[in-house]
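Those sequence lines, one after another, are chains A and B. If you count by our numbering, then the first sequence holds residues 568 to 983, one letter each, in order. If you count by our numbering, then the second sequence holds residues 263 to 506, one letter each, in order. Reading through the structure tokens given below for one structure.
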Amino acid sequence: MEASKRQDLLTLMADKMNRAVRLYLENCSRCGTCIDACHAYASTRDIRFSAVGRAQNVRRLFENYFRVTGKIAPWLNDAETLDEAWMDKLYETAFSCTGCRRCMVYCPFGIDTQQIQAIAKALLIGMDMDPKPLTMRARGEIDKAKNLELTRQKLEKELTGVKAELLEKYPSLEGKEIVPLDKEGANILFVSMVEKPSIASGAAILNAAGESWSLSYFEAVNFGAFAGNANMSEQIYGRIVAEAERLRVKELVICECGTAYRIMKHIIGKRSFRVISILELVNRYLTEGRIKLDKSSIEGTVTYHDPCQIARNSGVYEAPRNVIRAFTDSFVEMIPNRSENWCCGGGGGLVIAQEPEFRMMTSRVKADQIRAAGADILATACEMCLAQLKDLNDEFELETDVKLVSDLVYEALVFS
Amino acid sequence: MVNAFWYFVMVPMVYISVIWCLVGIVVRIAQVVREPRPPHTLRIFRDDETPEDPLGAGLGAAFLDALTMPSIRRYQPVFWVFLMIFHVSLLVLVVAHLDILPQINILSAESQHMLGNGSVGVFFTVSLAYFLLRRFKGPVREVSVASDYLLLVLLLSIAITGDVISWGNSWTEQGFVITKQEFGQYMTGLLTLSFADPLKLLPGTHYVVIGTHVLLVNLLLIFLPFSNLMHTCFSVPLNALRRG
Numbered sequence: 568m569e570a571s572k573r574q575d576l577l578t579l580m581a582d583k584m585n586r587a588v589r590l591y592l593e594n595c596s597r598c599g600t601c602i603d604a605c606h607a608y609a610s611t612r613d614i615r616f617s618a619v620g621r622a623q624n625v626r627r628l629f630e631n632y633f634r635v636t637g638k639i640a641p642w643l644n645d646a647e648t649l650d651e652a653w654m655d656k657l658y659e660t661a662f663s664c665t666g667c668r669r670c671m672v673y674c675p676f677g678i679d680t681q682q683i684q685a686i687a688k689a690l691l692i693g694m695d696m697d698p699k700p701l702t703m704r705a706r707g708e709i710d711k712a713k714n715l716e717l718t719r720q721k722l723e724k725e726l727t728g729v730k731a732e733l734l735e736k737y738p739s740l741e742g743k744e745i746v747p748l749d750k751e752g753a754n755i756l757f758v759s760m761v762e763k764p765s766i767a768s769g770a771a772i773l774n775a776a777g778e779s780w781s782l783s784y785f786e787a788v789n790f791g792a793f794a795g796n797a798n799m800s801e802q803i804y805g806r807i808v809a810e811a812e813r814l815r816v817k818e819l820v821i822c823e824c825g826t827a828y829r830i831m832k833h834i835i836g837k838r839s840f841r842v843i844s845i846l847e848l849v850n851r852y853l854t855e856g857r858i859k860l861d862k863s864s865i866e867g868t869v870t871y872h873d874p875c876q877i878a879r880n881s882g883v884y885e886a887p888r889n890v891i892r893a894f895t896d897s898f899v900e901m902i903p904n905r906s907e908n909w910c911c912g913g914g915g916g917l918v919i920a921q922e923p924e925f926r927m928m929t930s931r932v933k934a935d936q937i938r939a940a941g942a943d944i945l946a947t948a949c950e951m952c953l954a955q956l957k958d959l960n961d962e963f964e965l966e967t968d969v970k971l972v973s974d975l976v977y978e979a980l981v982f983s
Numbered sequence: 263m264v265n266a267f268w269y270f271v272m273v274p275m276v277y278i279s280v281i282w283c284l285v286g287i288v289v290r291i292a293q294v295v296r297e298p299r300p301p302h303t304l305r306i307f308r309d310d311e312t313p314e315d316p317l318g319a320g321l322g323a324a325f326l327d328a329l330t331m332p333s334i335r336r337y338q339p340v341f342w343v344f345l346m347i348f349h350v351s352l353l354v355l356v357v358a359h360l361d362i363l364p365q366i367n368i369l370s371a372e373s374q375h376m377l378g379n380g381s382v383g384v385f386f387t388v389s390l391a392y393f394l395l396r397r398f399k400g401p402v403r404e405v406s407v408a409s410d411y412l413l414l415v416l417l418l419s420i421a422i423t424g425d426v427i428s429w430g431n432s433w434t435e436q437g438f439v440i441t442k443q444e445f446g447q448y449m450t451g452l453l454t455l456s457f458a459d460p461l462k463l464l465p466g467t468h469y470v471v472i473g474t475h476v477l478l479v480n481l482l483l484i485f486l487p488f489s490n491l492m493h494t495c496f497s498v499p500l501n502a503l504r505r506g
């Protein structure tokens with residue numbers, strides 16, 4: 568690697584530094600408590616796929632270029648030189664980890680591997696080694712905001728199918744604005760996946776509750792965040808923030824997308840609107856009696872997979888469970904659950920960035936957990952989890968029906 | 263020449279190491295503080311928390327986390343037992359060393375023993391031996407680096423020489439070779455910058471063991487600001503980040 572290139576990358580690394588990151592890089596005792604926390608390690612017993620194993624790839628560079636000990640006695644903490652071979656190690660750090668932060672629950676210091684992983688991702692972008700399927704999708708998301716008229720035309724085409732489906736299911740919606748767009752002063756801006764299933768279930772719930780709402784032009788998912796590109800991520804969530812502020816909505820409701828929810832809830836900072844997830848909204852409607860669910864419409868036992876970004880990283884634990892209990896009496900908990908739930912193995916964009924073989928190999932422990940729950944239906948609240956869990960269901964022949972909670976609500980919705 | 267060496271270790275080097283350590287710690291803390299704050303929360307939500315109703319945030323809870331290490335207690339209970347033994351005995355040893363000073367009398371001034379009668383040092387040594395052995399097996403071995411072993415060997419050597427001073431010193435036919443009061447005079451000399459020769463205060467063959475103990479502690483103090491022992495300063499802010 569050329570010296571100037573290395574210097575550029577080290578500047579990128581320095582740019583990622585803040586108080587937390589420095590503490591995370593300098594304070595690991597390598598006690599190994601985090602090792603068993605990672606689903607990838609638990610499934611493979613390969614130390615490269617443990618939190619500390621991944622973090623060490625970044626920490627060894629930090630030792631070489633940012634610490635005195637690395638210059639005086641590089642052998643002391645295994646200081647490493649940044650070169651092409653080490654970039655491959657960084658790729659491993661960045662894209663063998665889902666950023667689920669389960670290791671943070673185990674670590675006595677609470678070291679956030681996702682923050683260390685972000686350094687690896689930044690360096691990969693600097694070397695043009697970022698996974699192109701993620702970056703291309705992120706670019707596509709940004710382009711949507713640049714050509715709003717084209718975006719609207721495409722969305723309206725999608726909405727034709729949604730409206731037809733809802734009218735067929737709920738004829739009483741005839742003559743009403745089933746999926747409003749650009750509704751200024753609405754209570755709610757609903758951010759879907761801009762695909763028929765996601766819009767349809769959300770629209771059905773919002774209409775059933777008689778809500779004043781508007782559908783966002785943009786999809787919730789943030790591929791910039793998955794790629795580790797802070798600039799792209801900001802542009803992507805910025806589209807939605809701008810739309811919500813333009814329409815002066817009171818609440819921004821995020822569909823079942825873990826990363827989108829965490830970004831909007833905890834990362835964008837204080838805004839004029841409140842951010843909640845669709846399941847928190849459904850839970851509220853149920854509590855207020857604004858919607859009703861028919862328990863006879865869902866057959867079999869149901870278990871729930873806590874998506875990492877919604878649960879341990881955002882605190883949404885009870886709302887999905889309350890919603891599930893509203894449409895079934897046969898709810899069984901997966902063990903472990905809540906903050907200790909195993910990651911599905913597809914988060915952090917790995918569903919797109921990684922080969923299915925890798926995702927299956929590193930998620931055996933998740934498959935075992937699902938099998939042990941023995942439920943007929945496996946419900947979750949994140950599209951990425953859904954995709955990964957469906958793959959696991961097929962690969963490990965788990966014989967369960969994998970669904971989003973909102974889809975089950977849609978099935979059980981009593982429309983008056 | 264030999265006496266000059268031990269004098270250097272027992273007096274000037276103690277000052278050098280302490281000053282080095284304190285300055286090093288301040289520099290390390292400054293390095294962290296001068297970095298920008300993280301742009302958003304890095305909190306982990308516990309099972310009884312909600313996005314709108316966070317519980318247990320703040321430094322108090324983080325301090326308790328740092329002190330009691332609940333995650334290790336839950337996931338590695340055997341390791342936790344040894345960690346607690348280590349940290350509690352370390353705390354008692356610090357107090358016991360302070361008690362050597364004539365001005366502090368947790369034990370009576372006439373007591374020949376240090377606080378704990380030498381038993382605390384044994385607990386300290388056993389826990390360190392466990393930590394070291396743990397690094398030679400399983401996945402922990404795969405992630406350990408040279409400094410991890412070096413630090414534990416250094417701490418263990420300090421502990422063993424301390425045990426020898428505590429136990430060997432008293433297991434003679436004549437009873438104690440060097441008394442607590444004599445150690446007190448040496449430490450008072452250090453505190454009052456008298457630069458007196460400790461050899462005159464601490465007589466007998468045990469002087470070499472005491473010198474070695476002090477030398478190793480000096481080395482530890484020099485190494486400390488560069489080591490992961492800095493978690494002593496940083497585990498509370500780290501846990502505060504997780505608590506949000």
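C-beta atoms are modelled at their ideal positions from N, C-alpha and C, and glycine is treated no differently.
Next item on the list: Please specify which runs of the beta strand (DSSP E), each continuous and at least 3 residues long, are wholly inside the region 862–946 of chain A, giving them in chain order.
Entry: Taken in chain order, the whole beta strand (DSSP E) runs of length 3 or more contained in the region 862–946 of chain A are 869–872.
Notebook entry, point to check: In three-state terms, what does DSSP make of residue 750/A?
Noted result: Residue 750/A sits at position 183 when you count from the first residue of the first sequence. In this structure, residue 750/A counts as coil in the three-state DSSP scheme.
Check: So what does DSSP say about residue 858/A, is it helix, strand or coil?
Finding: Counting from one through the first sequence, the residue named residue 858/A turns up at place 291. In the three-state scheme derived from DSSP, where H, G and I count as helix and E and B as strand, residue 858/A is classed as coil.
Notebook entry, point to check: Taking Cβ-Cβ distances shorter than 8 Å, what residues in chain A pair up with residue 497/B?
Noted result: For the purposes of this step, residue 497/B is taken as the residue at position 235 of the second sequence. Residues of chain A passing the Cβ test: 594, 675, 676.
Next item on the list: Check each candidate in 359/B, 345/B, 429/B and name the one with the smallest Cα separation from residue 396/B.
Entry: Sequence index remark: in the second sequence, residue 396/B carries index 134 (1-based). Cα-wise, what sits closest to residue 396/B is 345/B.
Item checked: residue 389/B - containing beta strand (DSSP E), residue span -> Here residue 389/B is taken as the residue at index 127 of the second sequence, counted from 1. Here residue 389/B belongs to no beta strand (DSSP E); instead the alpha helix (DSSP H) covers 381–396.
Note to self: Using the three-state DSSP reduction, which class does residue 419/B fall into: helix, strand or coil?
What the structure shows: In the second sequence, counting from the first residue as 1, residue 419/B sits at position 157. Assignment of residue 419/B by DSSP, reduced to helix, strand and coil, places it in the helix class.
Notebook entry, point to check: So what does residue 757/A bridge to, in DSSP terms?
Noted result: Walking along the first sequence from the start, residue 757/A turns up at place 190. Note: residue 757/A sits in a beta bridge opposite 782/A, 820/A.
Notebook entry, point to check: In whole angstroms, what is the alpha-carbon distance linking residue 929/A and residue 702/A?
Noted result: Position 362 of the first sequence holds residue 929/A. Position 135 of the first sequence holds residue 702/A. Roughly 24 Å separates the two Cα atoms.
Note to self: Counting only beta-carbon separations shorter than 9 Å, does residue 306/B have a partner in chain A?
What the structure shows: Stepping through the second sequence from its first residue, residue 306/B is reached at position 44. Taking 9 Å as the CB threshold, residue 306/B lines the interface with chain A.
Margin query: Let me confirm a value: residue 642/A is counted as buried when at least 16 other C-beta atoms fall within 10 Å, else exposed. Which label applies?
Written below: Position 75 of the first sequence, counted from the first residue, corresponds to residue 642/A. Exposed, since its Cβ has fewer than 16 Cβ neighbours within 10 Å.
Checklist line | Chain-ordered residues of the region 346–370 of chain B with a beta carbon less than 7 Å from chain A | finding: Residues: none.
Notebook entry, point to check: Exposed or buried, which one is residue 263/B when buried takes at least 16 other CB atoms within 10 Å?
Noted result: Within the second sequence, the letter at position 1 stands for residue 263/B. With fewer than 16 other Cβ atoms within 10 Å, it is exposed.
Notebook entry, point to check: Given residue 881/A, which residues of its chain have a CB within under 7 Å of its CB, disregarding the five upstream and five downstream residues?
Noted result: Stepping through the first sequence from its first residue, residue 881/A is reached at position 314. Apart from the 5 residues on each side of it in sequence, residue 881/A sits with its Cβ closer than 7 Å to the Cβ of 828, 829, 832, 833 in its chain, given in chain order.
Checklist line | Contacts that residue 644/A makes with chain B (C-beta to C-beta distance below 8 Å) | finding: Position 77 of the first sequence, counted from the first residue, corresponds to residue 644/A. For residue 644/A, the residues of chain B that pass the 8 Å Cβ criterion are 407, 408, 409, in the order they occur in the chain.
Next item on the list: Return no unless some Cβ of chain A is closer than 9 Å to the Cβ of residue 488/B.
Entry: Within the second sequence, the letter at position 226 stands for residue 488/B. With 9 Å as the cut-off, residue 488/B counts as an interface residue toward chain A.
Item checked: Same chain, Cβ closer than 6 Å to residue 943/A, neighbours up to 5 away in sequence not counted -> Taking the first residue of the first sequence as 1, we reach residue 943/A at position 376. Closer than 6 Å at Cβ, skipping near neighbours: 867, 868.
Next item on the list: Using 10 angstroms around the beta-carbon of residue 284/B, count the other beta-carbons present and answer buried if the total reaches 16, otherwise exposed.
Entry: Against the second sequence, residue 284/B aligns to sequence position 22. Exposed, because fewer than 16 other Cβ atoms sit within 10 Å of the Cβ of residue 284/B.
Notebook entry, point to check: Using DSSP with H/G/I as helix, E/B as strand and the rest coil, what is residue 711/A?
Noted result: Locating residue 711/A in the first sequence gives position 144, where the first residue counts as 1. In the three-state scheme derived from DSSP, where H, G and I count as helix and E and B as strand, residue 711/A is classed as helix.
Checklist line | Closer than 9 Å to chain B by CB, residue 987/A | finding: Summary: the structure shown does not reach residue 987/A, with chain A confined to residues 568 through 983, and so no result is reported for it.
Notebook entry, point to check: So, do the region 471–483 of chain B and the region 265–282 of chain B have three or more beta carbon pairs nearer to each other than 8 Å?
Noted result: Yes: the two stretches touch, three or more of their Cβ pairs being nearer than 8 Å.
Checklist line | Cβ neighbours of residue 795/A in the same chain (closer than 8 Å, five flanking residues each side left out) | finding: Numbered from 1 along the first sequence, position 228 holds the residue referred to as residue 795/A. When the five nearest sequence neighbours on each side are left out, the beta carbons in the same chain lying within less than 8 Å of the beta carbon of residue 795/A are those of 661, 684, 685, 687, 688, 689, 691, 692, 697, in order along the chain.
Notebook entry, point to check: Okay, do the region 713–731 of chain A and the region 743–751 of chain A touch, 3+ Cβ pairs below 8 Å being the bar?
Noted result: Yes, they touch.
Next item on the list: Would you tell me roughly how many angstroms separate the C-alpha atoms of residue 919/A and residue 700/A, rounded to the nearest one?
Entry: The residue you call residue 919/A lines up with position 352 of the first sequence. The residue you call residue 700/A lines up with position 133 of the first sequence. Distance between the alpha carbons of residue 919/A and residue 700/A is about 7 Å.
Note to self: Would residue 588/A pass as an interface residue toward chain B - the criterion being a Cβ-Cβ separation below 9 Å?
What the structure shows: Counted from its first residue, the first sequence places residue 588/A at position 21. A Cβ of chain B is located within less than 9 Å of the beta carbon of residue 588/A.
Check: residue 746/A versus chain B: which residues are under 8 Å apart at the beta carbon?
Finding: Reading the first sequence from its first residue, position 179 is the one you call residue 746/A. Going along chain B, no residue has its Cβ under 8 Å from residue 746/A, so there is no contact; the nearest lies around 27 Å.
Next item on the list: Whole angstroms is fine: what's the gap from residue 452/B's alpha carbon to residue 460/B's?
Entry: By one-based count along the second sequence, residue 452/B stands at place 190. By one-based count along the second sequence, residue 460/B stands at place 198. For residue 452/B and residue 460/B, the gap between their C-alpha atoms comes out near 9 Å.
Notebook entry, point to check: For chain B, is any of its Cβ atoms less than 9 Å away from the one on residue 611/A?
Noted result: For the purposes of this step, residue 611/A is taken as the residue at position 44 of the first sequence. Chain B, which has no Cβ nearer than 9 Å to the Cβ of residue 611/A, makes this no.
Next item on the list: Step through the CB atoms of chain A and report whether any lies within less than 9 Å of the CB of residue 520/B.
Entry: Since the displayed chain B opens at 263 and closes at 506, residue 520/B lies outside it and no answer follows.
Check: Within 10 angstroms of its Cβ, does residue 650/A collect 16 or more other Cβ (buried), or is it exposed?
Finding: If you number the first sequence from 1, residue 650/A lands on position 83. Looking at its Cβ environment, which holds fewer than 16 other Cβ atoms inside 10 Å, residue 650/A is exposed.
Check: With DSSP run on the structure shown, which of helix, strand or coil describes residue 305/B?
Finding: As a working note, residue 305/B is residue 43 in the second sequence. If DSSP states are grouped into helix, strand and coil, residue 305/B belongs with coil.
Item checked: For residue 485/B and residue 440/B, the rounded distance between their alpha carbons -> Taking the first residue of the second sequence as position 1, residue 440/B is located at position 178. Taking the first residue of the second sequence as position 1, residue 485/B is located at position 223. Going by the C-alpha atoms only, they are around 29 Å apart.
Item checked: residue 873/A and residue 905/A closer than 9 Å at C-beta -> Residue mapping note: residue 873/A aligns to position 306 of the first sequence, counting from 1. Residue mapping note: residue 905/A aligns to position 338 of the first sequence, counting from 1. Cβ atoms of residue 873/A and residue 905/A: closer than 9 Å.
Next item on the list: Output, in chain order, the set of chain A residues within a Cβ distance shorter than 7 Å of residue 334/B.
Entry: For the purposes of this step, residue 334/B is taken as the residue at position 72 of the second sequence. Chain A residues near residue 334/B: 600, 675.
Next item on the list: Any chance you could list the alpha helix (DSSP H) runs of at least 4 consecutive residues sitting entirely within the region 576–605 of chain A, in chain order?
Entry: Unbroken alpha helix (DSSP H) runs of no fewer than 4 residues, entirely contained in the region 576–605 of chain A, are found at 586–593, following chain order.
Item checked: 9 Å Cβ cut-off: residues of chain A touching residue 298/B -> Here residue 298/B corresponds to residue number 36 of the second sequence, with the count starting at 1. Simply 584, 585, 586.
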